[in-house]
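Q: So that we are looking at the same thing, I have put the structure below in structure tokens.
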Amino acid sequence: MNEKVSVVDVTPRDGLQNEAKPVSTAEKLRLIELIVKAGIKEIQATSFVHPRWVPQMADAEAVAAGLAKYTSVRFSALVPNLKGYERAVAAGIRHHEFVVSASDTFNHKNLNRSASESLGLLKEVTRRAHGDGVEIRVGVSAAYHCPFEGKIPAAALLSVVRAVREVCPSRIALCDTDGMAFPDQITESLTGAREELRIPAGEIALHFHDTYGRGLANAYAGLNEGVREFDATTAGLGGCPYCPGASGNLATEDLVAFLHGLGFTTGIDLEKLLDAAEFAMQFSSRPYQGHLLRAHRAGVCAANAAGESVAPV
Ligand SMILES: [Zn+2]
91 MNEKVSVVDV TPRDGLQNEA KPVSTAEKLR LIELIVKAGI KEIQATSFVH PRWVPQMADA
151 EAVAAGLAKY TSVRFSALVP NLKGYERAVA AGIRHHEFVV SASDTFNHKN LNRSASESLG
211 LLKEVTRRAH GDGVEIRVGV SAAYHCPFEG KIPAAALLSV VRAVREVCPS RIALCDTDGM
271 AFPDQITESL TGAREELRIP AGEIALHFHD TYGRGLANAY AGLNEGVREF DATTAGLGGC
331 PYCPGASGNL ATEDLVAFLH GLGFTTGIDL EKLLDAAEFA MQFSSRPYQG HLLRAHRAGV
391 CAANAAGESV APV
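Numbering (the numbering used here), first residue to last: 91 to 403.
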């Protein structure tokens, strides 16, 4: 099997946005350079959110200005509203991630508006994006569980996905924002999207946090349903703003080693990705959250890390 899986590294945005200690623009661009060197072709570079809400993203324009030299990499940015959309367009970002939550309470807490207001905004952003030649991916946050409302039933998630598709027929990322999803929920949501909404798995990305160590199990459920696009962060940076101290996103290096072990291709060089993970660790306020970097440092052979079978000792 040589099937390709796209790995979207979201470290500069999701990985850093919860870190209180400021990371300079130069350091962010060095991190991006290392991620690019590892062969990653899609990176979520920043967020055009108001700096009062997320001070770490206050340099969005400066980060965007440092990306032009990478002509073969697709850079995206999160845009929470029209102002963010306009800033991102002005900064030359052509791939935008617009966020709507599957939970109305989460939408209010995270974006300060109702989910239906977000859908109205998405309609306007989609209209403008069409004229501006901008591609939109819609991230559905708290898709499986909400810190305030609890488990999101598949029917509730699918009704939000349906509403999103009615105003914006582009790619969708289902985001397990607090890392509480279980693999059966992933399977149920993807089956429902395919059978009830006629959305093929190829138009869906999955975004996992590893709060409870379920990231790879959930990714495996997605792979089995045909999803071929996953978000992750180098060194597992990130977290959940509602669970202080919790593990971050699924680590890019763990995901890539897992995919290679299953026989998928990613075009990513694991050794170079570990260089990026080591560099990224200086920005983390917690110990390393992934697995591969630790195993590698402990002397586990590269073949094992790459997923080839190694006889147990
Ligand atoms: Zn996230």
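Glycine is no exception: its CB is placed at the ideal position from the N, C-alpha and C atoms.
1. Expressed to the nearest angstrom, what Euclidean distance is found between the alpha-carbon atoms of residue 374 and residue 300?
2. Assuming contact is defined by CB atoms lying nearer than 8 angstroms, are residue 99 and residue 323 in contact in what I supplied?
3. For the region 146-214, list the alpha helix (DSSP H) runs that are entirely contained and at least 4 residues long, ordered along the chain.
4. Just to confirm before moving on: does the CB-CB distance between residue 266 and residue 302 stay below 8 angstroms?
5. Kindly indicate which three-state DSSP category residue 366 falls into: helix, strand or coil?
6. I'd like the list of long-range same chain contacts for residue 312, defined as Cβ closer than 6 angstroms, with 5 residues on each side in sequence excluded.
7. Exposed or buried, residue 138, counting other C-beta atoms within 10 Å across all chains shown (16 or more means buried)?
8. What does the Cβ neighbour count give for residue 146, buried or exposed, with the cut at 16 atoms within 10 Å?
9. My output table needs one value for residue 125: the three-state DSSP class, helix, strand or coil.
10. Around the C-beta of residue 220, are 16 or more other C-beta atoms found within 10 angstroms, so that it is buried, or is it exposed?
11. With H, G and I counted as helix, E and B as strand and the rest as coil, what does DSSP make of residue 118?
12. With DSSP as the reference, label residue 222 as helix, strand or coil.
13. Which residues end up in the neighbourhood of ligand 1 when you take C-beta atoms closer than 6 angstroms to any of its heavy atoms?
14. Is it right to say residue 288 is buried, meaning 16 or more other beta carbons lie within 10 angstroms of its own, or is it exposed?
15. In this structure, what does DSSP give as the bridge partners for residue 296?
16. Roughly how many angstroms lie between the CA atoms of residue 192 and residue 227, to the nearest whole one?
17. Spatial neighbours of residue 305 within its chain, please: CB distance less than 6 angstroms, with the 5 preceding and 5 following residues excluded, ordered by chain position.
18. Following the continuous alpha helix (DSSP H) through residue 274, name the residue where it begins and the one where it ends.
19. Could you tell me whether the region 123-143 touches the region 170-181, using the rule of 3 or more Cβ pairs below 8 angstroms?
A: Looking at the atomic coordinates:
1. Against the sequence shown, residue 374 aligns to sequence position 284. Against the sequence shown, residue 300 aligns to sequence position 210. Cα to Cα, the separation comes out at about 15 angstroms.
2. Start at 1 with the first residue of the sequence shown, and residue 99 comes out as number 9. Start at 1 with the first residue of the sequence shown, and residue 323 comes out as number 233. Yes, Cβ-Cβ distance for residue 99 and residue 323 is below 8 angstroms.
3. 150-155, 172-180, 194-201
4. By 1-based counting over the sequence shown, the position of residue 266 is 176. By 1-based counting over the sequence shown, the position of residue 302 is 212. The answer is no: Cβ separation not under 8 angstroms.
5. Position 276 of the sequence shown, counting from 1, holds the residue named residue 366. Residue 366: helix per DSSP, three-state reduction.
6. In the sequence shown, the residue the question calls residue 312 occupies position 222. Excluding positions up to five away in sequence, the list reads 276, 296.
7. Here residue 138 refers to the residue found at position 48 when the sequence shown is read from its first residue. So residue 138 counts as buried.
8. The sequence position of residue 146 within the sequence shown is 56, counting from 1. With 16 or more other Cβ atoms within 10 Å, it is buried.
9. Here residue 125 corresponds to residue number 35 of the sequence shown, with the count starting at 1. Here residue 125 sits in helix by DSSP.
10. Walking along the sequence shown from the start, residue 220 turns up at place 130. Residue 220 comes out exposed.
11. For the purposes of this step, residue 118 is taken as residue 28 along the sequence shown, with counting starting at 1. Correct three-state label for residue 118: helix.
12. Here residue 222 refers to the residue found at position 132 when the sequence shown is read from its first residue. Residue state, collapsed to three classes: helix.
13. 104, 265, 267, 297, 299, 339
14. The residue labelled residue 288 in the question sits at position 198 within the sequence shown. With fewer than 16 Cβ atoms within 10 Å of its Cβ, residue 288 is classed as exposed.
15. As a first step, residue 296 is located in the sequence shown; it is residue number 206 there, counting from the start. Its beta-bridge partners are 264, 320.
16. Mapped onto the sequence shown, residue 192 falls at position 102. Mapped onto the sequence shown, residue 227 falls at position 137. Straight-line Cα distance between these residues: approximately 15 angstroms.
17. Here residue 305 is taken as the residue at index 215 of the sequence shown, counted from 1. Around residue 305: 298, 340.
18. Counting from 1 along the sequence shown, the entry for residue 274 is found at position 184. Unbroken alpha helix (DSSP H) run through residue 274: 273-285.
19. yes
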